[in-house]
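Student:
Numbering (my numbering), first residue to last: 278 to 926.
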């Protein structure tokens, strides 16, 4: 007798399939020899083929697995009477004459159906989830084929989604897998934002078709699931008084709903939602249990994917900040803010205003913005608005035609024209004359200009970066600066911190300048002594980084040892009264103390006349004034009854 299969249950119940030498394949795709229209069956699920005198069943890594005599089968040789389960279908393999026992239903393996046919709505607390309780699950596995099949599905889902790090890809794949194990027509993953009652993102799919229009779901069900933290199954929701279906759900004929919370570390991430319009394909308690188990796995995977994406974004941001090209030196919090500012604005075309005291490095910021922008390969042109008189500045900025004024013997391009395609840096913009302010405003508004003596407009394809050490808002109030120009310039702005507000950068800056001027002067300097470092850190640096650079350059050039010592630094640093440090600066403390006593005695003996006091000390009066200022002697002279410097008799 020819070997054959008989379908005992499922959509093909009663049909006979002869087992020939060719492969007998099972699955949802029409190309299979045994086509099963069952959501629990994969597109290509398994096959039975001959192997000599035997027949072997091979599972194609299907999501829900293939079972022979209630045991998962990857590759199994079949014997007469073996029961093969594929989805909700059961087949019996026969090699010779049949008996009634061969075709009798498997009492140990009842076919799945609605667990509670009369139940419209069922709630499942997480504590009652079979797949979340190992002890309860262990007691159910022997003899229950469906639980074994669902466990196999959970393992495959876990392996599939835990290999995906991208959040969108993870959600899409998860929905595909849900359609493999549930008789749902639509499914969605809805995620919460900061507001625990509002979904901020959602991914949804429709079985066998592309999504059409916005996804409409039962807000009543999802709110209940989120509020109570329970999984909900509702069959025939139109007849269930517990839920009031929305007009959109009524219009779409949704009858059955499954909704399960996504919870990780006691935090609600959102819900998994599935529904169907076919009332005959009701969800049952096993479907609810399975989706609860899937949600438990998916919650962790989604949280990990979200965290990985955040880490990758943060890493990119830090890399962008680290990788910006610049010549600035400093690692203080204030400077890190500047680096972050540069990384953000460099990619844009916005006009930038850089504020700050003289010597803080405003031009370095402008150059860094240019070097990290898409204009980096084009010119960077700088002009100091305070360095030229108005007439020369206009010609320098806009250029002039031949014969435009006396001495204009040839046409000349201005800075704007030279900077075409690149960046124009306007330093000391606060010193710009009112007439020039109006002309610059036209360039910013119209993006065009005319040379001096010309009458043809020239397009200005430039990015403008301006810098000032003045308070432009105060200048606007006094009428010295045009408000409309200020607002055109101040699209994005940054204020460079003075050196006294980032003293932690002084050692780094000092070391950088020592290396720089050691190379230029060819005089080996190994570093800075501890005493000199104390002087550098305790000085308030009114000239900021520029003054520090000059002080280090002077010390490198004039010093006589392999380390910069206090006597190598400018007198303004050494003469400044320093806070007491035990064991430090003893020599210079003694020298300064003696200087103070000599000056105070000379001024007192001269009756407060600084010119006479200077003669007594054999000093120039101007130098005496500077010593009094640097050593903070004004208050002591005032207490001594002398007139303060500047009020000489």
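Note that the Cβ used here is the ideal one computed from N, Cα and C, for glycine as well.
Using DSSP bridges, identify the partner residues of residue 552.
Tutor: Taking the first residue of the chain shown as position 1, residue 552 is located at position 275. In DSSP, residue 552 forms a bridge with 463, 534.
Student: Cutting at 8 Å between CB atoms, please list the residues of its own chain near residue 876, excluding the five before and the five after it.
Tutor: On the chain shown, residue 876 is found 599 positions in, with the first residue counted as 1. So the qualifying residues of the chain are 890, 894, 901, 904, 905, 908, 910.
Student: Within the same chain, show all residues whose beta-carbon is closer than 7 Å to that of residue 767, passing over the 5 residues directly before and after it, in chain order.
Tutor: Translated into positions along the chain shown, residue 767 becomes position 490. So the qualifying residues of the chain are 630.
Student: Using the Cα positions of residue 442 and residue 553, report the straight-line distance between them to the nearest angstrom.
Tutor: One-based indexing of the chain shown puts residue 442 at position 165. One-based indexing of the chain shown puts residue 553 at position 276. Each residue's alpha carbon lies about 30 Å from the other.
Student: Can residue 846 and residue 822 be called in contact, C-beta distance under 8 Å?
Tutor: Mapped onto the chain shown, residue 846 falls at position 569. Mapped onto the chain shown, residue 822 falls at position 545. Not in contact: residue 846 and residue 822 (Cβ atoms no closer than 8 Å).
Student: Is the beta carbon of residue 833 closer than 8 Å to that of residue 791?
Tutor: For the purposes of this step, residue 791 is taken as the residue at position 514 of the chain shown. For the purposes of this step, residue 833 is taken as the residue at position 556 of the chain shown. In this structure, residue 833 lies closer than 8 Å to residue 791 by Cβ.
Student: By DSSP, does residue 743 sit in helix, in strand, or in coil?
Tutor: For this step, residue 743 is matched to residue 466 along the chain shown. Three-state result, residue 743: strand.
Student: Relative to the C-alpha of residue 580, which candidate in 610, 770, 541 has its C-alpha closest?
Tutor: Within the chain shown, the letter at position 303 stands for residue 580. Measuring from the Cα of residue 580, the nearest candidate turns out to be 541.
Student: Below 6 Å CB to CB, which residues in the same chain sit around residue 774 once its five sequence neighbours on both sides are set aside?
Tutor: Taking the chain shown and counting its residues from 1, the one referred to as residue 774 is at position 497. Once the five neighbours on either side are set aside, the close Cβ partners of residue 774 are 611.
Student: With DSSP collapsed to three states, give me the class of residue 456.
Tutor: In the chain shown, counting from the first residue as 1, residue 456 sits at position 179. DSSP places residue 456 in helix when its eight states are reduced to three.
Student: Return helix, strand or coil for residue 321, following the three-state DSSP convention.
Tutor: Here residue 321 refers to the residue found at position 44 of the chain shown. Residue 321: coil per DSSP, three-state reduction.
Student: Rounding to the nearest angstrom, what Cα-Cα distance links residue 788 and residue 825 in this structure?
Tutor: Here the question's residue 788 lines up with position 511 in the chain shown. Here the question's residue 825 lines up with position 548 in the chain shown. Whole-angstrom Cα-Cα distance: 11 Å.
Student: Just to confirm the assignment, what range does the alpha helix (DSSP H) spanning residue 246 have?
Tutor: Absent from the structure is residue 246, since the part of the chain shown begins at 278 and ends at 926.
Student: To the nearest angstrom, how far is it from the Cα of residue 684 to the Cα of residue 669?
Tutor: Position 407 of the chain shown holds residue 684. Position 392 of the chain shown holds residue 669. C-alpha separation (whole angstroms): 12 Å.
Student: By alpha-carbon positions, which one of 432, 816, 358 ends up nearest to residue 283?
Tutor: As a position in the chain shown, residue 283 is number 6, starting the count at 1. Here the closest residue by C-alpha is 358.
Student: Taking buried to mean at least 16 other C-beta atoms within 10 Å of its own C-beta, is residue 915 buried or exposed?
Tutor: In the chain shown, the residue the question calls residue 915 occupies position 638. Result: exposed.
Student: What is the DSSP secondary structure of residue 816, counted as helix, strand or coil?
Tutor: Numbered from 1 along the chain shown, position 539 holds the residue referred to as residue 816. If DSSP states are grouped into helix, strand and coil, residue 816 belongs with coil.
Student: Can you tell me the Cα-Cα spacing of residue 232 and residue 636, whole angstroms?
Tutor: Since the first and last residues shown for the chain are 278 and 926, residue 232 lies out of range.
Student: Applying the 10 Å Cβ sphere with the 16-neighbour rule, what's the burial state of residue 620?
Tutor: The residue given as residue 620 occupies position 343 in the chain shown. Under this definition residue 620 is a buried residue.
Student: Would you identify the three-state DSSP class for residue 649, choosing helix, strand or coil?
Tutor: Walking along the chain shown from the start, residue 649 turns up at place 372. Residue 649 falls in the coil class under three-state DSSP.
Student: What are the boundary residues of the alpha helix (DSSP H) that includes residue 761?
Tutor: The count along the chain shown starts at 1 and reaches residue 761 at position 484. First-last of the alpha helix (DSSP H) with residue 761: 760 to 766.
Student: Just to check my reading of the structure: residue 459 and residue 574 have Cβ atoms closer than 8 Å, yes? What is that Cβ distance to the nearest angstrom?
Tutor: Against the chain shown, residue 459 aligns to sequence position 182. Against the chain shown, residue 574 aligns to sequence position 297. About 15 Å; that fails the 8 Å criterion.
Student: State the DSSP-derived secondary structure class of residue 786, mapped to helix, strand or coil.
Tutor: Position 509 of the chain shown, counting from 1, holds the residue named residue 786. Helix at residue 786.
Student: Among the residues of its own chain, which have a CB less than 8 Å from the CB of residue 465, if the five just before and after it don't count?
Tutor: By one-based count along the chain shown, residue 465 stands at place 188. Hits under 8 Å: 452, 479, 480, 481, 482, 492, 494, 549, 550, 551.
Student: Closer than 8 Å is the cut-off here; do at least three beta carbon pairs connect the stretch 652 to 665 with the stretch 753 to 762?
Tutor: With a cut-off of 8 Å, the stretch 753 to 762 and the stretch 652 to 665 do not count as touching, because too few Cβ pairs lie within range.
Student: Are residue 503 and residue 535 close, meaning C-beta to C-beta below 8 Å?
Tutor: Taking the chain shown and counting its residues from 1, the one referred to as residue 503 is at position 226. Taking the chain shown and counting its residues from 1, the one referred to as residue 535 is at position 258. No, they are not a contact pair.
Student: Can you tell me whether residue 818 is buried or exposed, with buried defined as 16 or more other CB within 10 angstroms of its CB?
Tutor: Walking along the chain shown from the start, residue 818 turns up at place 541. Label assigned to residue 818: buried.
Student: Hey, would you say residue 289 sits closer than 8 Å to residue 366, going by beta carbons?
Tutor: Start at 1 with the first residue of the chain shown, and residue 289 comes out as number 12. Start at 1 with the first residue of the chain shown, and residue 366 comes out as number 89. Yes, the pair counts as a contact, with Cβ atoms nearer than the cut-off.
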